[in-house]
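If you use UniProt numbering, the sequence shown corresponds to residues 1 to 259, in order.
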Amino acid sequence: MSVSDLIEPIGAADGAVTLPTADTWMQGRTLYGGASALIAYTHAIRKFTDLPPFRAGQVGFVAPVGDEFELRSEIVRQGRNVAQLRSEIVSDGKVALTAFWLFGTSRDANAVHPAASVEPSPGKPEDSTAVEPGGGPAFLRNNYDVNYPHERTAKDEPIIRRWVRLKEPSGIDPVSELILMGDTLPPSAARIMQRPGPISSINWSFNLLDPAPVTRDGWWLAETASDHADQGYSSERLKLWNADGKQMLSGIQAVAIFG
């Protein structure tokens, strides 16, 4: 089921929404985080259409999001160059997701510092090898092609890096696609867990490095990497590069580790 089908029921008005195709995007009892963030973002840009280019997002995954909920968005502040919006997904009368969106006009650069190239080289996605079928959550199997990069990290190293793309063309704008794709991989702390147990994303804060992201043949290189894990939590870095190795998204996430 395409992404455009998932978000088709979302209109410009606040209020109740039912998603007929939510089952293909579920991760356990909740919508996959990237899908629920996309839903909140879609409502914001459909309600407020005269916005500068998107720059950054802060998303709190508060409670499970199912196929029926309420959406609401508001402008917190709109200045000459920057607009800041807040969106919420409300389930059973309680906030299930809260998001803060930042939009800003482009200005003449007064500082230029390109993001570092990905190392080691992941190779080209068209030359990569598909991950063995059958693993991972249902939303990943249903909707994504997932391939190994040319150089694979060690199994006990808390870094996961994969080439990912949607099985079907998304039918949505490139920024929305990156919001959907940026939280695709599992937290890398799963690689260093000492005993089995569930993992749950708590939040996700990210910056879009190019307001008009592009790639080739739908492929993005996604990475999750734990900076620190202890006391039941992991601080994870999330990055996305395009097929030519240019970084498009940089983020950080707090993850709860159970068991």
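Quick reminder that beta carbons are idealized off the backbone N, C-alpha and C, glycines included.
Same chain only: Cβ atoms within 8 Å of E236, ignoring 5 sequence neighbours per side:
Walking along the sequence shown from the start, residue 236 turns up at place 236. Beyond the five residues adjoining it in sequence on each side, E236 comes within less than 8 Å, by CB distance, of P187, S188, A189, T224, A225, S226, D227, I252, Q253, A254, V255 in the same chain, given in chain order.
Do R86 and T98 have their CB atoms nearer than 9 Å?
Here the question's residue 86 lines up with position 86 in the sequence shown. Here the question's residue 98 lines up with position 98 in the sequence shown. Contact check for R86 against T98 passes: the beta carbons are separated by less than 9 Å.
In angstroms with no decimal places, state the Cα-to-Cα distance between G197 and Y233.
Residue numbering aside, residue 197 sits at position 197 when the sequence shown is read from its first letter. Residue numbering aside, residue 233 sits at position 233 when the sequence shown is read from its first letter. Inter-residue distance for G197 and Y233 is about 12 Å (C-alpha atoms, whole angstroms).
Do S73 and F48 have their C-beta atoms within less than 9 Å of each other?
The residue you call residue 73 lines up with position 73 of the sequence shown. The residue you call residue 48 lines up with position 48 of the sequence shown. Contact: yes.
Answer with buried or exposed for Q27, where buried requires no fewer than 16 other C-beta atoms within 10 angstroms of its C-beta.
The sequence position of residue 27 within the sequence shown is 27, counting from 1. With 16 or more Cβ atoms within 10 Å of its Cβ, Q27 is classed as buried.
Taking all protein chains shown into account, do 16 or more other C-beta atoms lie within 10 angstroms of the C-beta of E177, making it buried, or fewer, making it exposed?
Indexing the sequence shown from 1 puts residue 177 at position 177. Buried, by the Cβ-count rule.
I'd like to know whether the C-beta atoms of M181 and G259 end up nearer to each other than 9 Å.
Within the sequence shown, residue 181 is the residue found at index 181, counting from 1. Within the sequence shown, residue 259 is the residue found at index 259, counting from 1. Their beta carbons are not under 9 Å apart, which means M181 does not touch G259 by this criterion.
Give me whichever residues DSSP pairs with L140 in a beta bridge.
The residue labelled residue 140 in the question sits at position 140 within the sequence shown. Under DSSP, L140 shares a beta bridge with no residue.
Alpha carbon to alpha carbon, what distance is there between D108 and A138?
Taking the first residue of the sequence shown as 1, we reach residue 138 at position 138. Taking the first residue of the sequence shown as 1, we reach residue 108 at position 108. So the alpha carbons of these two residues sit roughly 44 Å apart.
Close-in-space but distant-in-sequence residues of the same chain around residue 266 (CB under 7 Å, 5 per side omitted)
One cannot answer for residue 266 here, as it falls past the ends of the chain, which runs 1 to 259.
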